[in-house]
Amino acid sequence: MIYRIAETTSTNDDAKRPEYRHGDIVWAERQTAGRGQRGHSWTSPEGENLTFTLVLEPVFLPVGEQFLLSEAVTLALTDTFAAFGIDARIKWTNDIYVGDKKLVGILIEHSYSGPTLARTIAGIGINVNQRAFDPALPNPVSMAVASGRTFDRREVLESFHACCMGRYGQLVRGEKAALQEEYRKRMYRLGETHPYRRPDGTLVEAVLEGVRPSGELILRHADGTRHAYLFREIEFVIAGKS
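UniProt numbering applies: residue 1 is where the sequence shown begins, and numbers increase by one.
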C-alpha cells in the first residue's frame with residue numbers, strides 16, 4: 001500500500017515503525033531531514049519529484065546476500081524508466097544514471113534476525129518533473145529533462161512498486177543468478193575504460209567488468225590485474241562532478 005504524507009523528517013525513519021509492513025511505501029512531499037549516501041542530505045522541491053521509502057521483509061535471505069536486494073531495487077527502477085521510454089543505467093552501488101547524470105539516489109538500510117535479514121527499508125529519491133536544479137548539485141537530471149515531457153508522479157510510483165515486487169519475486173523463487181547477471185548488464189560504464197579515484201586521491205585507469213555477488217566492484221587495471229573494491233574504497237570520476 002502507498003501511504004502519502006505531507007511532511008516528515010525522513011521517510012526512512014517513518015518506515016521503521018511497525019505499522020508499515022512488507023511492500024508498503026511511505027511517500028512524503030517534504031522531508032526536513034532527508035538522507036542520502038555518504039552522509040549527504042537530500043532535498044527536493046515540493047510537488048515535482050518523488051521521495052519515498054519501500055519496506056521489505058526478506059526474512060529468507062542470508063545476511064551475506066543482502067546485496068541482492070540492492071540489485072532487485074535498482075533493476076526495478078531501470079525497468080520502470082524503460083516503461084516510460086528512458087534508458088537508465090545502474091551506477092554501482094545503487095545510483096541510477098541517464099548518460100553521465102544522476103536521476104535517482106537510494107539509501108538502503110537493513111535490520112537483522114540472527115543469520116538472516118529481518119527488515120529492509122529502501123529510501124529512494126527520483127527526480128521526476130524538476131527542470132531547474134541548484135547549481136551546487138554536480139550532475140542532476142530528471143525524467144522530464146531526459147524525455148522532454150512531464151509525468152504523473154503517482155503513476156511512476158505505482159509502476160515502480162509493481163516492478164519491484166516482480167524483481168523481489170525473483171529472489172523469493174531463488175533466481176539469484178539471473179538477477180545478478182541482469183544487474184551486471186545494466187551497469188553504468190560496463191566494459192569501458194575510465195579513471196577511478198582511491199580514498200587517498202590517487203587516480204587509476206581501469207575497465208569496469210562487473211560486480212561480485214557480495215557487492216564488490218570488479219575493475220581490471222591497465223596492467224591487466226583485476227581488483228575488487230568495497231563501497232568507499234573506490235570512486236567514479238565523472239566530468240562535472242567533484
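Ideal placement from N, C-alpha and C gives every residue a C-beta, glycine not left out.
| Using the C-alpha atoms, what's the distance from Glu155 back to Phe84? | 10 Å
| field | Rounded straight-line distance, which links the Cα of Arg149 to that of Pro69 | value | Rather than Pro, the amino acid found at residue 69 in this sequence is Leu. Each residue's Cα considered, the two are about 31 Å apart.
| request: In angstroms with no decimal places, state the Cα-to-Cα distance between Glu19 and Arg220. | output: 46 Å
| query | What residues are listed by DSSP as bridge partners for Phe236? | reply | Answer is Tyr196, bridged to Phe236.
| task | Can you grab the Cα-Cα spacing for the pair Ala162 / Leu54, in whole Å? | result | 12 Å
| query | Residue range of the beta strand (DSSP E) that Gly166 falls in? | reply | Gly166 -> not in any beta strand (DSSP E); alpha helix (DSSP H) instead, spanning 153 to 172.
| request: Can you say whether Phe60 is buried or exposed, counting buried as having 16 or more other CB atoms within 10 angstroms of its CB? | output: exposed
| field | Contact belief for Asn12 with Glu71 at Cβ below 8 Å, rounded distance in angstroms | value | The Cβ separation is near 20 Å, so there is no contact.
| field | Phe231 in three-state terms, based on DSSP | value | coil
| request: Flag this pair as yes or no: are the beta carbons of Arg226 and Ile218 separated by less than 8 Å? | output: yes
| field | Nearest residue (CA-CA) to Ile5, options Arg21, Lys16, Gln31 | value | Gln31
| query | Tell me which same chain residues have a C-beta within less than 7 Å of the C-beta of Gln66, skipping the five on either side of it? | reply | His110, Leu117
| request: Kindly indicate which three-state DSSP category Asp14 falls into: helix, strand or coil? | output: helix
| Backbone CA spacing between Phe133 and Leu157 [nearest angstrom] | 22 Å
| message | Tell me which residue opens and which closes the alpha helix (DSSP H) that Leu69 is part of. | response | 67 to 83
| said: How far does the alpha helix (DSSP H) with Arg184 in it extend, from its first residue to its last? | reply: 176 to 185
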